[in-house]
Structure formats: structure tokens, C-alpha cells
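*Asks:*
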Amino acid sequence: MPRLSMIQWTGLLVFLIAVFVLVPAYIAASGRTDFYYTLTSVALLSIASAGVWLTFYIGRINIGQGAFALIGAYVSAILVTKAGISFWLSLPLAGLFAALVSVLIGVPILRLRGVYFAMITLVLTQVVTLTALALPVTNGAKGITSIPLPGEISVFGLTVIPDFAGLENPRLAFYYTSCALMVLTFAAMYRLVNSRLGHLCRSMQQNEELASSIGVNIAYIRVIVFAISSFLGGIGGAMFGSIAQSVYPSSFQVTDSVNFMLNCFLGGLGYVFGPMLGTLVLYFGWDLLFELGRYQLLVYSGLLIILMLFLPNGLLSLRIRGKGVAGR
Amino acid sequence: MEQILANGIYLGAQYAMIALGLTLIFALMNVLNFAHGQMYVLGGFVTYTFYGQLGWPFVVALLASCVTLAVLGALIEKFLFAPVIRRSSREESTMLLAAGLAFFFDAIILLVFGEKQRGVPKIVNGVLNWDFRIIMPYDRILICFLAILSIVGFIVFMQYSKTGRALRALAQDRTAAQLMGVNVERYSMIGFAIGAMLAGLVGGLLVTITGVNLGMGGPTSIKAFMMVMIGGAGVISGAIAGGIILGFMEAIGLAVLSQYGDITYLLIFVSLMIFLAIRPQGLMGKPWG
Amino acid sequence: MKRRHFLGASLLTAVLATTTSIALAENPVLKIGFVGVTSGPAAAWGISNQRSMETRAEWINETGGYTIGDTTYDIEIVSFDDQKDPKRAIAGMEKMAQEGIHYVVGPNVDDGAAAVRPVAEAKGIMYFPYAFPKELYTAPASNAVLGMVANYQSGPAIYKHLKEKEGVNTVAFIAANESDPLSQRDGGLAAAEALGLEVVSDNVTYQVDTTDFTPVLTPVIRTQPDLLVLSGVSPANAPQLIRSARELGFQGLISTETAQDATVLREGAGELANGFISVGGASTPEIASDAMKEFVERYTKMFGEYNDESNTKVYALEYILETLKANPSAIDNVKEFQSTMDTFEASNPYMKGDAKLRYVGTSSFGQKRQVAVPLVVNVYQDGEFKTLFVAEVD
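Protein chains in written order, with the numbering used here: chain A, 1 to 328; chain B, 1 to 289; chain C, 1 to 394.
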């Protein structure tokens, strides 16, 4: 069990207060309610990106997270609309189903490395999109629409989570839910990275043969890590489906898979919280440049190139060495 | 049957050319050039401007495409990729740079050339119709011929010229090449320029048949990645083989599976995944890691 | 040193951002939104849309503004590029709500239009998508208004015309392997079968990034249909498909239910595109009014080149403004707008004759949730469109 220092505890507390108190207070004060959705998106995309980061951690470039997000979105949507299951139950099921698929696919393809693994995962995104178009259960090209909002959860008559449809502001509810999920995800990631599994992953990242020779069951670890990664993708996707109340084969595409990967690069591959920061900057950056109109993409990509030129190891590499959270 | 063969050769030749530039850049610097498709589109637009708009001879326009892209490639390597590779702790970081470049080119293309699909006048008219067994327009045959010629030219260049030999040495073992006195920085730049030039050349060739629009970049890159994977990353002959195989897979798949339309590409992708799972380094590649 | 460079760049963008938002003075400003795709592969759809709105707004402002009730407004178009990503489209709609906008044109595709529905209904925004799924417009959905003629409305009219006038008996469909085109193919298929046409091929699809359509089309052409329908074809793919079909020796008719651009067809297929039937707007000389001609002129002056796809896209903004004029209290109250829609009628400025602007769609959606755009069916001939026939949708 990793022990947090005083400074880290303070940092965590500040972060939690910022996310759950200060941001909503700021939004309420400034009236910028559109930030709820933007920040919800950032939270959800960073959950999926965290999964991609984890596969980077075992030395694999994963450009297939969009596939698992789409699987998650469809599983949740189908369970809610066709089987009538509560969204809150469908959410973990979506993650688990994505993880199951990733185990089946992962066993053969995780033997691949470098660009080969990257490309096969890229193709995987297209395979899932095309499968969604071809299958009857996904309703093919017409997608699944009019998905109800998450319902109520009560324990012994006590409402734990209210019915989203009955809320005055479902956006705020989605914001809290997504941020809570994000905090849980990154807490779990931090725990994992500093556990024995994390150490093993690092040794694999450096040299798989060596790790294998000292008795690490690398095949097993690879699959476990890939499954966790895809679980996170599935969760993120399912939440998005619920917010949009619709899922289409194009809800997550190759572009999304690439973006998940870019989020990790931008934040910094050496830092657990890299994907969170990377997602925030990439997604929010696009929104902030909205005023530029037709020059939006130009400025956005220009800034991206400049960033990469000066901080090739990610934004978090600005921090003083040694204080980095994850082992380097 | 003959038609499938003809379609396969035509598709294969054009695909192989796209894959060649990508694999060259990858072999030299381990950079997965996400902007390759955009370079191809840019090449198409340059030819469109000179041949379609200004009415210059096609060959001159084609040369303009090559030169523009070669210069662009050299500059990108010198001022962007080389510094980033030097400074970054993991060489995959160049992926973000490449993706940023892809977005940047997309933006430039949209601002300069607009959102519309563009095309140029045909270079040759008429259709070869051999007893309805092979139907192939003459311009396609010409482009196919030119593509094969360029591929052969490229192989000869890599095999016999001094630059080509240096590039091959560099691709094989960077450190060893440096020790043998190859100017690594200079040849990296030349290699990147040639890779970009190939993208521009094929863009210029194909604009006469398929036209060009700003959206073609991303999908082209992905297709090129697939071909490179089939043949083996960083291997010239592999890229050619990968291109031809993908071309034939499409030609055959579309002919045989047409009644199940929706699943042709699904099957191509799935079989590609199975193939790579069985043979991770592609047909001719060396294992990477 | 490096840091300063980066700061400089971000400072520059900040300055740019503020200067662009300061504009227009005098009249109060009425903001109308646009959420659609203006970058990437499908950019042509959104850009033609956005530009026609900007052209019209500029025109209105230049001539003194638009009077609604007692107030004269300058019109400002606020655009959001959703990159054809439904997740971004939601963000765009949120942004519109933030800007206090109640009337939005777009999104351009099915998934985006479905995804923004919760926001639009929660925030009181009427939106005019260019997407065809019926559940968007059928109750309980309330805030979407179809901004054009749907393919399940234009398809039957075109097939019927061709069946009666051209003796078409067999038809083949081909569509891109994407949501919108596939749905449109299914709609067209149903319409053709209802008319008693024989469908000889309906399951061939292609990837949008196809560069050679010969292998795709070969099996379709072999069935020798009288009519080949390119369902939901994008302007980029249309000329290539036409060219390949003709080069394969196809002699029959080719049609689509989407709007196309004459220049693109001329450049991409040349005279092989002659006889190609598509759905257009109001710019063909036979029916264009002087206002339409002026619109095209202004558009061309502003952006250098006209896009014929804009013909079908001039209307949404006009409908929004005219309806607001008819009921000024709707300016920040979409409930008022919705009740006005049932009775609204104004003259169509873009067409010769006495064509009317009004809301329709009762027979398709059970409520008036569609703009009555004249269904203008064009045929391409030597670089320009000619009107084949004009019909009405109810």
C-alpha cells in the first residue's frame, strides 16, 4: 500500500474540493452552464484515456480504445432499452463485457509489439464500427435512439441516486457522476501503478524478455492490464451513450481512438495523471478556440505542434523531476 | 476473372506507391507518419492547381507536386521531427507531432483549396473494352503503368545509387551506419523528403482519376498503415507486397462478396487481424521491440 | 526563451479571439446558431450551410437589419464545428444555449441530430437538422424541424416521374457503408417497392474512402438496372461513381436524393455526368427569383465560389426569421414558435411565382416539423443543372 505524503494528501484534498465544490460554484456564479457538459466530457474521455495510458505502461501503443468505448455504449444501450435493466447496473456490465472482449482479442494480439500492436488496435476500431453497422441487435445504421436517462437507485426506501429525468438539471448530475468515476479511476490507477503489478508492468515496459526470465508471467499480466484498460473504455462509452441518449456506429470512431492516445502523449506517458491533464488541454483547448471560427483548426494544430516541439515528453514533464507521481 | 485481376493490379499499384513513402519514413526514423495521407492530398491539390487550373502540361504539374512535397518533407524533418526525436524520452512521442501535423495540413488545405471535391480533365480519353472481359479506361492503364514505373525507379534508386545505399544502411542500423561514416542527419532529411515526395507523386497521379478532396487524408493514412503492416513495417519490398495484397483482397472481396455488401470490409479487416496475430511481423518484416 | 515564445503564441490567439467577437454596433444583435461539420471529410456539407447563412446575414445587415415586432436587429451567425462527432455536437448545442441562442441550424448528420436532442429540449432550442430519422420529428420529440426534403419524400416523386416518363422498370441501389446513406438506401428501397419497381440490386456498399469504384460497381452494373440510385451519396463520391458506372458501359439513368454541385460534377466526371438526376434548390434559371440570383451573387463575392448545395440550405434561416416576424414573442420562447408553426405562411422570396413558406410534415411525422421547401429535381447537363420537375411535399 503506497503511503501518501502530507503534500500529496493536501493536493488530493484541493483537487477534490476544486472538482466537486469550486467548479460548480464557479459555474453557478458565472452562468457558464455549458462548462458542465464540457467538463463531463473531459472526465469521461480521461477515464477512457487512462485505460490507454495503462496499455502504454506495459509498452503497448493502444489505438483501439474507441472500439471498447463503442462496445460499452452499445451494451449499456441495449441492456437499458431492450432488457429494461437499470442504467446503473448496465454501466459495470458494459465495462465487464468490453473487458471480456478484450481478453478474447488480447490473448492473440498482445504478443505483438510497437507499431504492429498499434495498427492492429487501429483496425479493431473499424472492425467494431462495421460490426455495429451489420448486426441486427445494434439496430444497424439506424442506431439506438431515445435511451431513457438513468433512473433512481434507492436502498431501503432511501434515495441514493435520484432519477435523472426528474432532476431540474441532469447536466449537473452527469457532471458529479462522471467526476466521481474519474476520481475512482485515477485512485485505482495510482494504487495499481504503485502495487506489485505496477512494478511488474514497469519491468515489462523496459524489457519483456528480461521480465519473463526472472519468472514474471508476462502473458497473464498483459491480458489483465489490457482488460482493465478496456473496462475503463467501456465505462466511458456507456456514460456517453446515456448523456446523448443515443448510440450510433459512428459514436466512437478511429478519430476518437487516436485522440485517446494523443491525450496520453500530451499529458506525459510517465505520469499517472498525464491522461487527465492531456484530455483537459486537448478537449478544452478546442472549445476555447471556438471564437476563431474558420481558423480554429489551424491555431489548434499549430499550438499542438509547438507544444510537442518544446515539451516532447508531455505537459507534466514541466514538473520538477522526482516529484512525479508514477515511477519513471 | 480477368476483370478482378486487372482491378487488383491497378489498385495494388496505387496502394503500393502510397505505402512505399510511409514505410521509408518509418524505416529511417521509426516515425509513424500520421500526416502521410495529408501529404498525398496536398500533392493532389498541387497538380490540380497547375494542371487543372493553370493549364500547364500534366508532367510539369506532377513535377511541381514532387518538388513541393520533397521540400516540405525536408523542412518538416529538419525543424520538427529531428528536434523532437532528439529531446523526447520515448520515440513514440513523435506520433503526437505527426497527428498535429495531420490536423495542421487539413486546416491549411481547407483554407487554401476549399471544401469541395476537385478534379482535373482526363489525360487520355477512351475505354479499353476487351470483349467485356476486361473493361479498363485508358487513363487508368496509363496511371497504373506510371505507378509501376515509379516503383521500379524507386527500387533501382535504393539499390544502386549512393544515396539509396546510405538510406538502406541507415534503415538497417542507425548506429552502425553512423560509425561507418554516413551523415545520419543529412540522410534522415533526404529520406523523409523522398518519402513525402512519393506521397506527392501518387497524389498527383491519382488526381486525374479519383480527384481530390480534403477529407481523403486520414483514411488514406490508415489504409497505408494496413498495407505496411501486411508486408512488414520498414521493409520496402514488404510495402509493395502489402499494397498489392490489399488491392487484390479488395478486388476479389468486392467481386465475390458483393451480395453481402456490408461485410466485405469487415472480413478484410478481420482476416488482417488474424493474419497479424499469427504472423506478428507481417510477411517480410523484422520483429520490432 | 522558449517559454516566452509559447506565451506569445497564446497571447496572439487571445487577442484574435477578442477582436473577432467585437463587431457590429447600432442595432441590437439577434444571434442564430449553426452546429455542423465544417472540417474533415464531410466539410462540404457544413460549409455550404454556414456560408449561405453568413451570406444572408451579411445581406440583411447591409440593408439595415431585420425588423421583428418593434425592434430592428442585426443578425449574427454563431457557428460551431462539431467535426462530425456526436459528442462534439452536444458541446456545440450547449454552447448555443450559453450564448442565449434559441434557434440553431444543423447538425448535418443523423447521429449528431439524435445526440443534441436532449440538450435542445432541455434548453429550449429549436434546431433545424439535415438528418432524416423520423423519430427526431415525431412526438414526443418537439424541437427539431427538418430543414430540407427527406429522401423518403423525394425518392418516391423521382421514381414515379422516371417510371412514367422514362419507362424505368428496374432499379438498383448503392450506398456508402455509413449510417446516413444506409438509412437513405432503406428508405429509397421501400419507396421503389411501393411503386412496383423491380429492385435488382440493393446490398452493394462501399467505404467512403474508396478511391476506385470499378470493383464496387461491377456487380451492380451486371444486373443491368434501368435506374441506378446513389443513396445519400456525398458530393465527393458522386462524380467518381458516375464516371466508373459509365466507363463500365452503363447506359441507364443515374439519380440521387441529395444535393450536388455542378462544378464538382463537371470537374470529376465531365460529360459522363450528363443526365445525372439530383435534388436541388432554387438556383436553376427557370425558377430562381431575383432575390435568389442576388443571393448567389453575394455568396460568390464573399467566398469566391458558389456551391450549388447551398441552394437547399438558404431556407432554414429564412424560415426562422420569417416565423419570428410573424410572432415576435417567439424570439426567446420556443413554445410560441411551435404554436406559430401550425398556421405560419409567408411568400417564398427565392422562387418565381407564388410559392409559399410554411411548415409541413403532418403525413410523415404526425406534426408540422418540416420546412416546405419546393422539391426541385434537377438534371445535370454540360456543367449546369436544368430543372426536371418541381413538386411539393405535404
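Glycine included, every Cβ here is placed at the ideal spot set by N, Cα and C. Only a predicted model underlies this, so the values are computations on that prediction, with no experimental measurement involved.
1) Mind pulling the beta strand (DSSP E) runs of 3 or more residues that sit fully within the segment 112-164 of chain A?
2) Run the CB neighbour count on L342 of chain C, radius 10 Å, all protein chains shown included, and call it buried at 16 or more, exposed below.
3) Tell me where the alpha helix (DSSP H) around V107 of chain A begins and ends.
4) Under the three-state reduction of DSSP, which class applies to E247 of chain C: helix, strand or coil?
5) Following the continuous beta strand (DSSP E) through K386 of chain C, name the residue where it begins and the one where it ends.
6) Could you name the residues of chain C that L62 of chain B contacts, counting a contact when the two beta carbons are closer than 7 Å?
7) When we look at the beta-carbon of W45 of chain C and count the other beta-carbons within 10 Å, is it buried (16 or more) or exposed?
8) Opposite N129 of chain B in the DSSP bridges: which residues?
9) Locate the alpha helix (DSSP H) running through L4 of chain A, then write down its first and last residues.
10) So, with DSSP's three-state summary, where would you put G8 of chain C?
11) Please report the residue range of the beta strand (DSSP E) in which A176 of chain C lies.
12) Listed from N- to C-terminal order along the chain, which residues in the segment 209-225 of chain C have their beta-carbon within a distance smaller than 7 Å of any beta-carbon of chain A?
13) Just checking: is the beta-carbon of S21 of chain C within a distance shorter than 8 Å of some beta-carbon in chain B?
14) Can you tell me whether DSSP reads L269 of chain A as helix, strand or coil?
15) Taking Cβ-Cβ distances below 7 Å as the criterion, which residues of the segment 329-361 of chain C are in contact with chain B?
16) What residues in the segment 279-310 of chain A have a beta carbon less than 9 Å from any beta carbon of chain C?
17) Measure how close the beta-carbons of M284 of chain B and G211 of chain B come, nearest whole angstrom, since I'm counting them as under 8 Å.
18) Can at least three beta-carbon pairs, one atom from the segment 124-140 of chain C and one from the segment 271-278 of chain A, be found at a separation below 8 Å?
19) Residues of chain C with CB closer than 8 Å to the CB of G140 of chain A, please, in chain order.
20) What would DSSP say about G436 of chain C, mapped onto helix, strand or coil?
21) Within 10 Å of its beta-carbon, does A13 of chain B have 16 or more other beta-carbons around it, so buried, or fewer, so exposed?
22) Which residues bound the alpha helix (DSSP H) around S229 of chain A?
23) With a threshold of 8 Å between beta-carbons, can A134 of chain A be considered close to chain B, or not?
24) Would you decide whether Y66 of chain C is buried or exposed? Buried here means 16 or more other CB atoms lie within 10 Å of its CB.
25) Can you find a CB in chain C that lies within less than 8 Å of the CB of M216 of chain B?
26) Tell whether a beta-carbon distance below 8 Å holds between M119 of chain A and F225 of chain B.
27) Just to confirm the assignment: which complete alpha helix (DSSP H) runs, minimum length 4, are found wholly within the segment 48-90 of chain C?
28) Can you find at least 3 beta carbon pairs, one from the segment 74-93 of chain B and one from the segment 223-230 of chain C, that sit closer than 8 Å?
29) Using only the alpha-carbon positions, how far apart do L130 of chain A and V247 of chain A sit?
30) Which residue or residues does DSSP assign as beta-bridge partners of T205 of chain C?
31) Give me, in chain order, the residues of the same chain whose beta-carbon lies closer than 8 Å to that of L280 of chain A; leave out the 5 immediate sequence neighbours on both sides.
32) Strictly under 8 Å for the Cβ-Cβ distance: is A291 of chain C near chain A by that measure?
33) Return yes when the Cβ of V390 of chain C is within less than 8 Å of the Cβ of E315 of chain C, no when it is not.
34) Please say whether R90 of chain B and L4 of chain A have beta carbons closer to each other than 8 Å?
35) I'd like the span of the beta strand (DSSP E) that includes G65 of chain A, first residue to last.
36) Would you tell me roughly how many angstroms separate the C-alpha atoms of F310 of chain A and L206 of chain B, rounded to the nearest one?
*Replies:* Answer, in terms of the structure:
1) Complete beta strand (DSSP E) runs here, min 3: 153-155, 158-161.
2) Per the sequence shown, residue 342 of chain C should be read as Asp rather than Leu. Exposed: under 16 other Cβ atoms inside 10 Å.
3) DSSP places V107 of chain A in the uninterrupted alpha helix (DSSP H) bounded by 87-109.
4) The three-state secondary structure of E247 of chain C, taken from DSSP, is helix.
5) Segment 384-391, the beta strand (DSSP E) holding K386 of chain C.
6) In chain C, no part has a C-beta under 7 Å from the C-beta of L62 of chain B; the shortest such distance is about 18 Å.
7) Here W45 of chain C is buried, its C-beta having at least 16 other C-beta atoms within 10 Å.
8) The partner list for N129 of chain B (beta bridge, DSSP) reads B:I135.
9) That residue, L4 of chain A, is in no alpha helix (DSSP H); it is neither H nor E in DSSP.
10) Any reading at G8 of chain C must be qualified, since the residue scores a pLDDT of 47, below 50, and its modelled position is unreliable; the value itself is stated next. Helix.
11) Note, A176 of chain C: beta strand (DSSP E), 170-176.
12) Listed by position, the residues of the segment 209-225 of chain C near chain A (Cβ gap below 7 Å) amount to none.
13) Its pLDDT being 45, under 50, S21 of chain C is placed unreliably by the model, and the measurement read from it follows with that caveat. Not one chain B Cβ lies under 8 Å of S21 of chain C.
14) The three-state secondary structure of L269 of chain A, taken from DSSP, is coil.
15) Against chain B - using a Cβ distance shorter than 7 Å - the segment 329-361 of chain C contributes no residues.
16) Those would be Y283, W286, D287, L288, L289, F290, E291, L292, G293, R294, Y295, Q296, L297, V299, G302, L303, I306, L307, L309, F310, in chain order.
17) Wrong, their Cβ atoms sit about 33 Å apart, outside the cutoff.
18) With the rule of 3 Cβ pairs closer than 8 Å, the segment 124-140 of chain C does not count as touching the segment 271-278 of chain A.
19) Within chain C, the residues near G140 of chain A are L182.
20) Examination of residue 436 of chain C is not possible in this model, given that chain C is present from 1 through 394 alone.
21) Counting every other CB atom within 10 Å of its CB across the protein chains shown gives A13 of chain B a total of 16 or more, marking it as buried.
22) In the DSSP assignment, S229 of chain A falls within the alpha helix (DSSP H) that extends over 218-244.
23) It does; some Cβ of chain B falls within 8 Å.
24) It is buried - the Cβ of Y66 of chain C has at least 16 other Cβ atoms within 10 Å.
25) Yes, M216 of chain B lies at the interface with chain C (some Cβ there is under 8 Å from its Cβ).
26) The answer is yes: Cβ separation under 8 Å.
27) You should have found no qualifying run.
28) Result no; under three Cβ-Cβ pairs closer than 8 Å.
29) Looking at the backbone, the Cα of L130 of chain A and that of V247 of chain A are separated by about 14 Å.
30) For T205 of chain C, which the question treats as bridged, DSSP gives the partners C:A175.
31) V42, S46, listed in sequence order.
32) No - not a single Cβ of chain A is within 8 Å of the one on A291 of chain C.
33) Going by the sequence as given, residue 315 of chain C is Tyr instead of Glu. No; because the gap between Cβ atoms is not below 8 Å, this pair is not in contact.
34) No, the pair does not count as a contact, with Cβ atoms beyond the cut-off.
35) The amino acid at residue 65 of chain A is misidentified as Gly; the sequence shows Gln. First-last for Q65 of chain A: 65-81, but that is the alpha helix (DSSP H), not the beta strand (DSSP E).
36) The alpha-carbon of F310 of chain A is positioned some 37 Å away from that of L206 of chain B.
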